[in-house]
Amino acid sequence: MKILWAHVILRLRQLVREPGYVASTMIFPALFFLLFALPNANTPDKAKFLMASFTAFAILGVCLFQFGVHQAQELKSGWYALMRTLPVRAPVLFFSQAFNTLVCGIAAALVVYAAVEYSAGADMDFKRWSVMTSIALIGAIPFALIAAAIANWVSAWAALPIFNLIYILSSFAGGLWMPPEALPVNVEKVSQFLPTRHYGEILWKLALGQDVEMKFVGYLAAFGLVALAGVLISRKLHRELQKI
Amino acid sequence: MFHDRLTKQTETRPAALRFSEVRKSFGKKVVLSGLDFEVQPGDFTVLLGPNGAGKSTSISLANGLLSPDQGKIEIFGFTSGTLAARGAMGYVPQEPAFPAHVRAMDLIEFSAAHSKKSSDLKLLTTDLEMQSFLKLPVRHLSGGQKRLVSVACAFALGTPLVILDEPTTGLDIEMRQRVWQLLTKYREQGGAILMTTHYLAEAEALAGRIVVLAAGAVVHSGSPAEIKRRYGYKRIQFTSIQTPPTPWSARPLEGHDRWSLDSGDPDKALMELVAWGQASDIDVAPLALEDVFLRLIGRPN
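Residue numbers (my numbering), protein chains in the order written: chain A, 1 to 244; chain B, 245 to 545.
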């Protein structure tokens, strides 16, 4: 526990002392809502819907940046190699990363909650928000896995633009910025096959107090399994190539 | 700082580090072809070799970042790379790589947290004279200061073996002295050290034993004095306005018709030189380790 705690604390220190990270992942989703989505949040239900969308957008961002950008930079910097020479088990590295993602995800979701409640009056009670945010954090695991799989293959310099592109495109096409029915026709057709859309579908229902359709949970779970296989294969290939 | 524990740990233990017939290739390139050597507790061993000799690969194998294709590497009897082996060694990489926004002291404490018997951090940072920058984030540190942080992180663990890959490259003379003193103190207290360096004077001053690598194998091993003595060459310098006979392979030195030749049989060479009758101001001196090293790796000039 002492070692896990040391890793958690060090990672938190890394994050909170990096203003660029705090601004881009914690504040950006709420700011984006205030600048572009606020006019559409003109009823409590629409505000709740958008709160779910932007909570998903915020948590997705934290996952992609923590497990994607951050990990790619760590892998290439030599810091990760140095950590591997310490007497620490691999799960400690993973769980410290996951714990920090959890903390940052909750913080980013809280900022969205405050922004939507304050500006649009969604009237979502805290219990429902807690359930929705918890499910959002669990549902983000496949995205974290995919990010970790990609992180093995991108350079430290390319990581930020690549993950930004994935973040923005998948959020837009998944309907996290605007309701799916408002998307361009061709994008909407593609949207139905995107995991971000299935992720959004689950959270929208939760935000509105409706029953979640299990098919979306199934799609996301299947994506999670593919992502898990992806990360395992990616790690193995990466290690094999390093030996050559 | 390390004494009591190290004494206890070294009483019954096997070699601090042992390479047994280690082979390693990257694709078709053979980097290590049967590397065999060991570092005993209390030994200060320096790995020397030209670029590409396999020094860094050996270090990466010892710290578990790479696995051997064949052979075995053990740290106090534990296979390298295992949790137990990693728990018995500290490692200073060639290039310090730390998160830029974290403070120096945070990193040292982070490293120490991995050990149940970490070193006295106050004493360690005092020994390395780091107080002035301990509270600064890494991004504000100079290259030399980052290296000291790296050294402190490795020694903070309080392990009985420390592996250092060119730890003093880029350090100014004062910083280098501090690291040297720390290494000497650690060794005196029973700690084992494996280090690579490009500074042969450093190897000569610090090492109890030097292992010379060439083409992935040990070509010579011994104390600096033994290596110089065993190699037996001496450098003869003399003045002559005439070019010495070709078989002597004497090299001209800059200015004043001065010449230099290295000989494995200096008595015979001196007799020939005197018999030649054209040489004056003759000086004979043992080769410096640097010159011996260059000869060992086949680059005498």
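In this text, a Cβ means the ideal position worked out from N, Cα and C, and glycines have one as well.
Residues of chain A with CB closer than 7 Å to the CB of residue i, please, in chain order.
i              : result
F342 (chain B) : W79
Run through the DSSP bridge pairs and tell me what residue i is partnered with.
i              : result
T323 (chain B) : B:E318
V336 (chain B) : B:L408
W157 (chain A) : Note: W157 (chain A) sits in no beta bridge, so no partner.
W129 (chain A) : Bridge partners of W129 (chain A): none, in fact.
W503 (chain B) : B:F482, B:P496
K268 (chain B) : B:L276
D527 (chain B) : B:Q481
R347 (chain B) : B:P381
Would you mind working out which of the options sits nearest residue i, comparing C-alpha positions?
i              : options                        : result
I233 (chain A) : A:H70, A:I146, A:L15, A:A158   : A:I146
K429 (chain B) : B:F322, B:G414, B:L444, B:V406 : B:V406
F320 (chain B) : B:A332, B:G508, B:P337         : B:A332
L457 (chain B) : B:P340, B:S264, B:A297, B:L261 : B:A297
E117 (chain A) : A:V16, A:R84, A:K2, A:K48      : A:K48
M26 (chain A)  : A:A37, A:T85, A:A114, A:L10    : A:A114
T440 (chain B) : B:L385, B:P294, B:T323, B:L367 : B:P294
L4 (chain A)   : A:A90, A:A229, A:F126, A:M124  : A:A90
D416 (chain B) : B:H345, B:G387, B:I485         : B:G387
L401 (chain B) : B:L365, B:A341, B:Y477         : B:L365
Give the interface partners of residue i over in chain B, defined as CB-CB distance under 9 Å, in chain order.
i             : result
T25 (chain A) : None at all; the shortest Cβ gap to chain B is about 15 Å.
Q14 (chain A) : P343, A344, H345, V346
R89 (chain A) : L327
Would you mind telling me which residues of chain A sit closer than 9 Å to residue i, beta carbon to beta carbon, in chain order?
i              : result
Y335 (chain B) : L82, T85, L86
P381 (chain B) : R17
D350 (chain B) : I9, L10, R13
Say whether chain A places a C-beta atom closer than 7 Å to the C-beta of residue i.
i              : result
E339 (chain B) : yes
A357 (chain B) : yes
F354 (chain B) : yes
L276 (chain B) : no
L408 (chain B) : no
T251 (chain B) : Unreliable positioning characterises T251 (chain B) in this predicted model, as indicated by a pLDDT of 49, which lies under 50. The coordinate reading is nonetheless provided below. No - not a single Cβ of chain A is within 7 Å of the one on T251 (chain B).
L309 (chain B) : yes
Is any beta-carbon of chain B found at less than 7 Å from that of residue i?
i             : result
K2 (chain A)  : yes
A6 (chain A)  : yes
L10 (chain A) : yes
Under 8 Å Cβ-Cβ, which residues of chain A neighbour residue i?
i              : result
R495 (chain B) : Simply none; closest approach about 42 Å.
Measuring only between beta-carbons, confirm whether residue i sits less than 7 Å from chain C.
i              : result
G331 (chain B) : Checking the listed chains, one finds no chain C in this structure; the protein chains it contains are A and B.
Exposed or buried, what is residue i when buried is set at 16 or more other beta-carbons lying within 10 Å of its beta-carbon?
i              : result
S191 (chain A) : buried
T289 (chain B) : buried
L169 (chain A) : exposed
I352 (chain B) : buried
H442 (chain B) : exposed
H500 (chain B) : exposed
A519 (chain B) : exposed
E318 (chain B) : buried
M374 (chain B) : buried
P245 (chain A) : This structure gives no information on residue 245 (chain A), because the portion of chain A shown stretches from 1 to 244.
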